[in-house]
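In this note's numbering, the protein residues as written are 2 to 168. Below is one structure, written out as structure tokens; comments come after it.
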């Protein structure tokens, strides 16, 4: 469902894919070639959500905001199945693992990887191109160039898959 909230209507680039069972509500902007998959929820009610280009938000993920914090998701970001993204900033090329939780005021650096099931606590900053895992999450290493390329390729794969679903 694509729905309004008060005076806010989602702004969706014509090239993006929104699965039929996804919900995009309120002050939400989604960029070129991005995809919102089945049963994902993006609810921009008390603040805004901005999703960049070539970003994929996979099945069952929840993206919400806080009064004090919008949710800003950059370009070429992958958000894995069942992740919870709340009032935070995720920079370009980041990869959020399945079931990860990112809380208010957190900042995920460019190209960073958040492991499956990790908890990024309020206000935590994850450096660019680093791997953070655990509950609460801790940075355990810098990512290799090989991994950085794989993460970029994953975003492209999802953009291509979304084009198949649009046919």
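Where is the CB? At the ideal position from N, CA and C, for every residue including glycine.
Between the Cα of residue i and the Cα atoms of the options, which residue gives the shortest distance?
{"i": "residue 47", "options": "62, 38, 66, 29", "result": "66"}
{"i": "residue 139", "options": "25, 24, 121", "result": "121"}
{"i": "residue 68", "options": "87, 159, 136, 52", "result": "87"}
{"i": "residue 112", "options": "142, 34, 40, 8", "result": "142"}
{"i": "residue 131", "options": "40, 168, 105, 149", "result": "149"}
Does the separation of the CB atoms of residue i and residue j fall below 7 Å?
{"i": "residue 109", "j": "residue 119", "result": "no"}
{"i": "residue 75", "j": "residue 49", "result": "no"}
{"i": "residue 36", "j": "residue 5", "result": "no"}
{"i": "residue 98", "j": "residue 83", "result": "no"}
{"i": "residue 10", "j": "residue 30", "result": "no"}
{"i": "residue 27", "j": "residue 45", "result": "yes"}
{"i": "residue 81", "j": "residue 59", "result": "yes"}
I'd like to confirm the pairing. Which residues does DSSP put opposite residue i in its beta bridges?
{"i": "residue 131", "result": "143"}
{"i": "residue 69", "result": "Its beta-bridge partners do not exist; DSSP assigns none."}
{"i": "residue 44", "result": "26"}
{"i": "residue 9", "result": "6"}
{"i": "residue 90", "result": "73, 108"}
Over what stretch of residues does the beta strand (DSSP E) that includes residue i continue unbroken?
{"i": "residue 87", "result": "85-87"}
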